[in-house]
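Have a look at the structure below, then the notes.
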């Protein structure tokens with residue numbers, strides 16, 4: 570990490586285990602931290618991240634939790650649920666510093682120095698009304714795909730109506746593919762919608778996606794032709810949960 574404060578704003582687009590997967594328990598706010606790790610420094614990065622998790626476990630830190638994902642391009646994404654925006658005003662790592670001391674904490678975090686090219690933080694907000702079958706997301710579904718759709722500001726109302734059409738189309742055919750919908754918050758420029766798909770692996774996700782297209786009998790392509798008129802840029806991220814880096818206390 571470039572500095573301690575940047576890593577403190579840890580965060581992925583995600584999704585709560587231990588039956589936190591139930592729809593009513595999906596946190597509306599998620600703080601995301603992304604590190605673009607240098608390939609030759611990935612071993613050091615991993616060792617430091619594992620050491621951090623071990624420190625949190627040994628000291629029974631309760632005021633902090635996050636899921637860790639590794640993306641296909643080598644980016645590491647940390648996803649942290651927030652109760653509200655006021656949580657950002659608190660030093661999320663103070664409990665750790667108090668228990669192990671500022672010097673020890675600084676030494677631990679220095680292990681991230683020089684291991685990544687860039688990093689960024691942003692917030693997304695979950696929209697349950699636009700999402701579909703989020704209750705089906707389970708602890709076995711460790712694979713993720715995130716579709717970042719950058720929407721023209723002046724076309725946002727029309728785009729929102731299209732999201733309702735997408736959900737209805739998936740519902741009408743009883744699609745095996747669920748999806749989560751998140752909207753941009755602090756740290757993201759302009760209107761952005763993030764579609765999150767999941768599965769046990771990429772093969773299963775592709776199979777569910779293909780089955781959905783088959784069931785829709787052309788409706789999916791029709792909807793996309795209408796939707797893309799409201800979008801000026803698309804980014805796709807793919808990755809998997811890193812359980813050995815994830816810190817999610819049972820409480």
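In our numbering, the protein residues as written are 570 to 820. Where is the CB? At the ideal position from N, CA and C, for every residue including glycine. Since we're looking at a predicted model, the values are computed, not measured.
Taking the CB atoms as reference points, tell me whether residue i and residue j lie closer together than 7 Å.
i, j, result
"residue 716", "residue 764", "yes"
"residue 607", "residue 686", "yes"
"residue 693", "residue 635", "no"
"residue 722", "residue 800", "no"
"residue 744", "residue 781", "yes"
"residue 788", "residue 738", "yes"
"residue 761", "residue 753", "yes"
Exposed or buried, which one is residue i when buried takes at least 16 other CB atoms within 10 Å?
i, result
"residue 805", "exposed"
"residue 821", "This structure gives no information on residue 821, because the portion of the chain shown stretches from 570 to 820."
"residue 793", "exposed"
"residue 592", "Low local confidence applies: a pLDDT of 34 at residue 592 is under 50, so the model's placement there is unreliable, with the coordinate-based value given in what follows. Residue 592 is exposed by the Cβ-count criterion."
"residue 616", "exposed"
"residue 786", "exposed"
"residue 585", "Caution is warranted here: a pLDDT of 29 is assigned to residue 585, below 50, making its placement in the model unreliable, and the coordinate value is therefore given only provisionally. Burial call: buried."
"residue 706", "buried"
"residue 749", "buried"
"residue 772", "exposed"
"residue 802", "exposed"
Kindly indicate which residue of the options has the alpha-carbon position closest to the one of residue i.
i, options, result
"residue 812", "646, 727 and 613", "646"
"residue 625", "802, 760 and 667", "667"
"residue 669", "681, 725, 621 and 640", "621"
"residue 532", "654, 628, 798 and 633", "There is simply no residue 532 to check, as the chain begins at 570 and stops at 820 in what is shown."
"residue 823", "630, 775 and 612", "Lying before the first or after the last residue shown, residue 823 is absent from the chain, which here runs from 570 to 820."
"residue 680", "754, 609 and 614", "614"
"residue 756", "639, 643 and 654", "654"
"residue 697", "803, 676 and 597", "597"
"residue 642", "678, 605, 675 and 629", "605"
With residue i and residue j assumed to form a contact (beta carbons below 8 Å), what rounded beta-carbon distance in angstroms separates them?
i, j, result
"residue 701", "residue 747", "5 Å"
"residue 767", "residue 713", "6 Å"
"residue 791", "residue 689", "Their Cβ separation, rounded to whole angstroms, is 35 Å, which puts residue 791 and residue 689 out of contact at 8 Å."
"residue 711", "residue 809", "5 Å"
"residue 731", "residue 796", "5 Å"
"residue 709", "residue 769", "5 Å"
"residue 640", "residue 664", "Contact doesn't hold; Cβ gap of about 29 Å is too wide."
"residue 818", "residue 631", "6 Å"
"residue 599", "residue 648", "6 Å"
List the residues that DSSP assigns as beta-bridge partners of residue i.
i, result
"residue 644", "605"
"residue 612", "Note: residue 612 sits in no beta bridge, so no partner."
"residue 816", "635"
"residue 806", "715"
"residue 685", "606"
"residue 650", "599"
"residue 766", "714"
"residue 848", "Here the chain has residues from 570 to 820 only, and residue 848 is not among them."
"residue 749", "765"
"residue 691", "601"
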